[in-house]
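Shown next, in structure tokens, is the structure this report addresses.
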Amino acid sequence: MPYSDQASVARSGSLRSQSDDEFFDATEWLSGYGSDDENEPFNTLDLKTVYEKVDTLLQSTAEADRRAAYDIMSQIAHKHSDNVEFLWRFARTCHLYATCFAKVDEEKRKKFVFEGRDNAFKALKINDHNADVYKWCAATSGVSTDFLLLKEKIEQGYAFK
Numbered sequence: 083m084p085y086s087d088q089a090s091v092a093r094s095g096s097l098r099s100q101s102d103d104e105f106f107d108a109t110e111w112l113s114g115y116g117s118d119d120e121n122e123p124f125n126t127l128d129l130k131t132v133y134e135k136v137d138t139l140l141q142s143t144a145e146a147d148r149r150a151a152y153d154i155m156s157q158i159a160h161k162h163s164d165n166v167e168f169l170w171r172f173a174r175t176c177h178l179y180a181t182c183f184a185k186v187d188e189e190k191r192k193k194f195v196f197e198g199r200d201n202a203f204k205a206l207k208i209n210d211h212n213a214d215v216y217k218w219c220a221a222t223s224g225v226s227t228d229f230l231l232l233k234e235k236i237e238q239g240y241a242f243k
């Protein structure tokens, strides 16, 4: 049994094929999440549950699990666009999902790298006293240099000086 199948069995208790994991519909998992009413106060318990689920998915290196984590975060991003904790976690999710496309699809990798970087720097603008924010700003900035010209790489180097 390949390692990825063993990991699926360990996580879910049943054998799932790779094709079962190819697409993850976060809608079903998120159906009980929060409220559709944008004026309802933010429910931190729901977000904590989301973080736990995403953290579990990101422990895997399987593309399907990282895609599932990305799907969950992207589907609720509009509700938490000013939440620092959400933004740095979304940056991390984008960064880790982007690694699935290294040497396979550089355009997709670039899309997720820059999405992660944008979220990290958005969090930094909101709160510049959070170590996790700085960590993911640095990580996403470093990877983004793979797609920059030499001049832009040098300018990027001054961002953290």
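The working numbering puts the first residue of the sequence shown at 83, with every later residue one more than the last.
The beta carbon of each residue, even a glycine, is placed where N, CA and C say it ideally should be.
Please read all numbers here as calculations on a predicted model, not as lab measurements.
Would you mind reading off the limits of the alpha helix (DSSP H) that contains Ser-223? 213-226
Handout entry: Boundaries of the alpha helix (DSSP H) in which Phe-172 is found, first to last residue
Key = 166-180
### Query
So, helix, strand or coil for Val-186, using DSSP?
Residue state, collapsed to three classes: coil.
### Query
Hey, how far is the Cα of Tyr-152 from the Cα of Thr-175?
6 angstroms
*Between the Cα of Val-132 and those of Ser-142, Gln-157 and Gly-224, spot the shortest distance and give me the residue it belongs to.*
Gln-157
### Query
Would you say His-177 and Thr-143 are within 9 angstroms of each other, going by their C-beta atoms?
No, Cβ-Cβ distance for His-177 and Thr-143 is not below 9 angstroms.
Secondary structure at Thr-143, three-state DSSP: helix, strand or coil? coil
- Query: Short check: CB of Val-225 to CB of Arg-171, under 9 angstroms?
  - Reply: no
query: In chain order, what residues of the same chain lie with their CB nearer than 6 angstroms to the CB of Gly-198, ignoring the 5 residues before and after it?
result: Ala-173, Cys-176, His-177 and Thr-222
| said: I need the DSSP call for Leu-231, collapsed to helix, strand or coil. | reply: For Leu-231, the secondary structure class from DSSP, reduced to helix, strand or coil, is coil.
Own chain, CB closer than 7 angstroms to Arg-230, minus 5 neighbours either side, in chain order
Per the sequence shown, residue 230 should be read as Leu rather than Arg. Within the same chain, Cβ atoms closer than 7 angstroms to the Cβ of Leu-230 are found at Gln-238, the five residues on either side in sequence being excluded.
| query | Under a Cβ-count criterion, where at least 16 other Cβ atoms within 10 Å of its own Cβ denotes burial, should Ile-236 be classed as buried or exposed? | reply | Exposed: under 16 other Cβ atoms inside 10 Å.
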